[in-house]
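In this note's numbering, the protein residues as written are 88 to 254.
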């Protein structure tokens, strides 16, 4: 029992020493998260992660950390489909074009958020922006947070779905 406690104390000391050393990150080419097959995504168990960043404890010559933009890693997982299902989907292509695409608006007719903002090229742009700010100054910040969150979610929704499908 005492031997185990001493070993744990030595491990803690080693970890404390490692934390005191400066860290640098070297980019590598992959990032992956894997879950054991027996656990669901909602399980509180831990995931096994492989990082795209390698860690070293060497000093940086000029004392500054080099700028490295975040890397976006897309791990694609392919799913096989039996030939019968492929045939079914191919046979539905024309039906979808004839029955669904006709209900979609052309891109040119879809509104964009900037359609409701003053035109930066127009005269009086600054005055229009000041007026807009004046009209919106009574709106609580919570509303703006929700609006921005909604826009980000709407824009990135396909990305989230793709990432969830790769798990």
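C-beta atoms are modelled at their ideal positions from N, C-alpha and C, and glycine is treated no differently.
Original post:
What residue from 228, 227, 205 and 226 has the CA that sits closest to residue 217's CA?
Top reply: It is 205.
Original post:
In three-state DSSP terms, what is residue 171?
Top reply: Looking at residue 171 - three-state DSSP - the assignment turns out to be helix.
Subject >> As assigned by DSSP and simplified to three states, the class of residue 236 >> reply: Looking at residue 236 - three-state DSSP - the assignment turns out to be helix.
**OP:** Please report how far the alpha carbon of residue 101 lies from the alpha carbon of residue 198, in whole angstroms.
**Re:** One C-alpha to the other measures close to 59 Å.
**OP:** Quick one: grab the DSSP three-state call for residue 184.
**Re:** Residue 184 falls in the helix class under three-state DSSP.
Original post:
With a CB to CB cut of under 8 Å and the five nearest residues on each side skipped, what residues in its chain are close to residue 41?
Top reply: This structure cannot settle anything about residue 41, because the visible part of the chain is limited to 88 through 254.
Original post:
By how many angstroms is the C-alpha of residue 99 removed from the C-alpha of residue 203?
Top reply: Distance between the alpha carbons of residue 203 and residue 99: 58 Å.
Subject >> Contacting residues, own chain, Cβ-Cβ under 7 Å from residue 246 (five flanking each side not counted) >> reply: Excluding residues within five positions, none has a Cβ falling inside 7 Å.
**OP:** With DSSP as the reference, label residue 241 as helix, strand or coil.
**Re:** Three-state result, residue 241: helix.
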